[in-house]
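See below for the structure under consideration.
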Amino acid sequence: MMCPMEGRHDPRHRTSHLDPMAGRHRGPGRRASARKEGVTLREEIVVIGAGPAGVAAAVQLRRYGHDPLLFERAEPGGLVRTAWRVDNYPGFPEGIDGPELAGRIAAALERWDVRLLREEVQLVDLAGERGPIVLTAGDHDVEAGVVVLATGTVPVPFSCPGLDDIPPERVHRDILRLRGLRGATVAIVGAGDAALDHAMALSEGNRVIVLDRSGLGRAIAALREAARGRGTVEIMGPAVVRECRWEGDRAILLTGGAYPAEFAADHIVIAVGRRPATDLLGPRLLACREGLEDKGLLYMVGDVARGHHRQTAIAAGDGLLAAMRVHERSIGGEG
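In structure tokens:
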């Protein structure tokens with residue numbers, strides 16, 4: 001198929017049907033809102049995702065004098081909001097709690113007056129064989145000159161017999177709804193970095209059972225040592241969850257393999273891995289992805305592009321680099 005030809009654009013000049021002054025409020029950034037439904041809005045630079053990568057890109061673009069539109073379906077901060085502690089982010093030698101760091105990341109949007117639209121982007125695709133890039137979000141479409149995709153990751157699917165019989169409010173793919181939980185037993189399926197980080201975050205006031213499928217302890221040493229030193233965290237493995245059932249007001253997890261047992265829990269957290277959040281990318285864009293990236297029309301930054309190298313500092317650096325390249329192209333450089 002034909003792919004878009006490189007067009008000279010200047011991201012400093014925005015043509016949009018979004019009201020940049022609409023909905024000023026207390027909180028991160030400027031809340032953008034559409035004047036009309038069902039129309040195509042036009043933006044020179046769109047950033048999708050307000051985690052560390054997306055926020056870093058949007059803030060740096062504002063520093064250059066651009067006015068990007070940032071989409072975020074939930075709260076700014078990304079998965080950092082779920083972290084127990086971030087120990088390897090420069091500037092915090094003693095580490096920093098995930099929610100606190102997420103709050104600081106979000107505060108940068110307000111500091112730099114970034115336009116923020118609280119909408120989920122359902123589709124990013126080319127309008128035709130030669131473009132332009134168009135986003136579908138809510139009741140309107142947005143035509144974008146440049147897209148910075150910072151959508152992060154989504155959980156890898158997990159299923160076992162009986163899991164669908166557990167009340168959905170007791171099965172979690174992250175721990176946002178469990179913040180502040182006390183006096184409960186939580187079973188975590190998985191034993192990687194995310195699983196043990198969740199275990200540490202939930203260990204105060206709760207009993208946490210980590211079901212390690214392989215028994216190899218794949219989390220980094222610092223997390224393994226922290227979890228093993230916390231009296232309320234138990235790591236069991238190899239323990240492969242074969243079946244679940246609901247009894248009374250608790251979930252029963254049956255494990256097989258080398259560690260056959262039954263575990264009762266008030267909540268189940270599934271943490272068996274994550275994959276790039278690219279389901280929103282349409283077929284025409286996917287077919288032209290490499291060309292769009294080469295021409296500086298599409299940038300994929302942070303966890304969505306980094307495979308298993310998922311770190312807050314890497315994501316922020318990715319977003320910063322993308323913003324610099326967008327700006328360089330806007331003034332005639334190579335980017």
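For the sequence shown, position 58 (counting from the first letter as 1) is numbered 58 according to our numbering, and the numbering increases by one without interruption. Glycine included, each C-beta is placed from N, C-alpha and C at the ideal position. A quick note: this is a predicted structure, and the numbers were derived from the prediction, not measured.
Coil, strand or helix - A265 by DSSP: Start at 1 with the first residue of the sequence shown, and residue 265 comes out as number 265. In the structure shown, A265 sits in a strand (DSSP, three-state: E or B).
Proximity to E328 [Cα-Cα], best of V146, R173 and A50: Your numbering for residue 328 matches position 328 in the sequence shown. Its Cα nearest to that of E328, the residue V146 stands out among V146, R173 and A50.
Beta-carbon contacts of G205 that lie in its chain and below 7 Å, excluding the five residues immediately before and after: Along the sequence shown, read from residue 1 onward, the residue named residue 205 stands at position 205. R182 and G183.
By alpha-carbon positions, which one of T82, A50, D197 and I166 ends up nearest to I105? Here residue 105 corresponds to residue number 105 of the sequence shown, with the count starting at 1. Answer by Cα proximity: A50.
Supposed close pair E43, L69 - CB separation, criterion 8 Å: In the sequence shown, residue 43 corresponds to position 43, counting from 1. In the sequence shown, residue 69 corresponds to position 69, counting from 1. Sure, about 5 Å apart at Cβ, within 8 Å.
In the segment 228–314, which residue ranges form an unbroken alpha helix (DSSP H) of at least 4 residues, counting only runs that do not cross its ends? You should have 283–287 and 289–294.
Quick one: grab the DSSP three-state call for R224. By 1-based counting over the sequence shown, the position of residue 224 is 224. Looking at R224 - three-state DSSP - the assignment turns out to be helix.
Could you tell me the alpha carbon to alpha carbon distance between A199 and R62, rounded to whole angstroms? By 1-based counting over the sequence shown, the position of residue 199 is 199. By 1-based counting over the sequence shown, the position of residue 62 is 62. Across the structure, A199 and R62 are spaced so that their CA atoms are roughly 38 Å apart.
Can you pull the DSSP bridge partners for A107? The sequence position of residue 107 within the sequence shown is 107, counting from 1. Its beta-bridge partners do not exist; DSSP assigns none.
By Cβ distance below 6 Å, which residues in the same chain neighbour D318 in space, the five residues on each side in sequence not counted? For the purposes of this step, residue 318 is taken as the residue at position 318 of the sequence shown. Closer than 6 Å at Cβ, skipping near neighbours: A53, V301 and G302.
Compute the Euclidean distance between the alpha carbons of A305 and V241, then round it to the nearest angstrom. Within the sequence shown, the letter at position 305 stands for residue 305. Within the sequence shown, the letter at position 241 stands for residue 241. Cα to Cα, the separation comes out at about 30 Å.
Just how far apart, CA to CA, sit L178 and D249? Mapped onto the sequence shown, residue 178 falls at position 178. Mapped onto the sequence shown, residue 249 falls at position 249. So the alpha carbons of these two residues sit roughly 17 Å apart.
Nearest-angstrom beta carbon gap, L280 and L41 [assumed within contact, 8 Å]: Residue mapping note: residue 41 aligns to position 41 of the sequence shown, counting from 1. Residue mapping note: residue 280 aligns to position 280 of the sequence shown, counting from 1. Not really, about 17 Å apart at Cβ, beyond 8 Å.
Are I209 and A258 touching if we call contact CB-CB under 8 Å? In the sequence shown, the residue the question calls residue 209 occupies position 209. In the sequence shown, the residue the question calls residue 258 occupies position 258. Cβ atoms of I209 and A258: not closer than 8 Å.
With a cut-off of 8 Å on the beta carbons, I'd call L149 and D141 a contact; round off their distance for me. Counting from one through the sequence shown, the residue named residue 149 turns up at place 149. Counting from one through the sequence shown, the residue named residue 141 turns up at place 141. Going by Cβ atoms, the distance from L149 to D141 rounds to 17 Å, so no, they are not a contact pair.
Chain-order list of residues whose beta-carbon lies under 7 Å from that of D193 (same chain, five-residue window excluded): On the sequence shown, position 193 is the one that residue 193 refers to. Cβ contact annotation for D193 (same chain, cutoff 7 Å, sequence separation greater than five): A219, I220 and L223, in chain order.
With H, G and I counted as helix, E and B as strand and the rest as coil, what does DSSP make of E75? Translated into positions along the sequence shown, residue 75 becomes position 75. Residue state, collapsed to three classes: coil.
Reduced DSSP category for G317 - H, G, I as helix; E, B as strand; rest coil: As a first step, residue 317 is located in the sequence shown; it is residue number 317 there, counting from the start. If DSSP states are grouped into helix, strand and coil, G317 belongs with the helices.
Less than 8 Å between the beta carbons of C244 and G152, yes or no? Locating residue 244 in the sequence shown gives position 244, counting from the first residue. Locating residue 152 in the sequence shown gives position 152, counting from the first residue. Against a cut-off of 8 Å, the Cβ pair of G152 and C244 comes out as no contact.
Check whether the segment 116–133 touches the segment 70–80, taking contact to mean three or more Cβ pairs, one atom from each stretch, closer than 8 Å. The segment 116–133 makes contact with the segment 70–80, as at least three CB pairs between them are under 8 Å.
Check for me: the alpha helix (DSSP H) holding L163 runs from which residue to which? Walking along the sequence shown from the start, residue 163 turns up at place 163. Per DSSP, L163 belongs to no alpha helix (DSSP H) and is neither H nor E.
Since W246 contacts I166 with CB under 8 Å, what's their CB separation in whole angstroms? In the sequence shown, residue 246 corresponds to position 246, counting from 1. In the sequence shown, residue 166 corresponds to position 166, counting from 1. Right, their Cβ atoms sit about 5 Å apart.
In angstroms, rounded to a whole number, what distance separates the CA positions of T185 and D212? Position 185 of the sequence shown holds residue 185. Position 212 of the sequence shown holds residue 212. Those two C-alpha atoms are separated by around 17 Å.
Would you call L176 buried or exposed, if buried means 16 or more other Cβ atoms sit within 10 Å of its Cβ? As a first step, residue 176 must be located in the sequence shown, where it is residue number 176. In this structure L176 is exposed. Its beta-carbon is surrounded by fewer than 16 other beta-carbon atoms within 10 angstroms.
On a CA-only basis, which of I252, S203 and H309 is nearest R228? Give me that one, please. On the sequence shown, position 228 is the one that residue 228 refers to. The option with the nearest alpha carbon to R228 is S203.
When you compare only the Cα positions, how much space is there between D139 and R289? Looking up residue 139 in the sequence shown gives position 139. Looking up residue 289 in the sequence shown gives position 289. Looking at the two C-alpha atoms, the distance is approximately 26 Å.
Residues in its own chain within less than 6 Å of L298 by CB, not counting five upstream and five downstream? Your numbering for residue 298 matches position 298 in the sequence shown. Same-chain partners within the cutoff: V147 and L292.
Below 8 Å on the Cβ atoms is my guess for R81 versus A102; work out the distance and round it to an integer in Å. Position 81 of the sequence shown, counting from 1, holds the residue named residue 81. Position 102 of the sequence shown, counting from 1, holds the residue named residue 102. Correct: roughly 4 Å between the Cβ atoms.
Leaving out the 5 sequence neighbours to the left and right, which residues in its chain are closer than 7 Å to R275 when beta-carbon positions are compared? Within the sequence shown, residue 275 is the residue found at index 275, counting from 1. Excluding sequence neighbours, R275 sits near T153, V154 and V156.
Residues in the same chain with beta-carbon distance under 6 Å from A261, minus the five sequence neighbours each way, listed in chain order, please. Here residue 261 corresponds to residue number 261 of the sequence shown, with the count starting at 1. The residues are T255.
Which residue from P283, R111 and D97 puts its Cα closest to that of A201? Residue numbering aside, residue 201 sits at position 201 when the sequence shown is read from its first letter. Measuring from the Cα of A201, the nearest candidate turns out to be D97.
Near G333, what residues of its chain come up, given a Cβ to Cβ distance below 7 Å and the 5 sequence neighbours on each side ignored? Sequence index remark: in the sequence shown, residue 333 carries index 333 (1-based). For G333, where only same-chain residues beyond five positions count, there are no Cβ hits under 7 Å.
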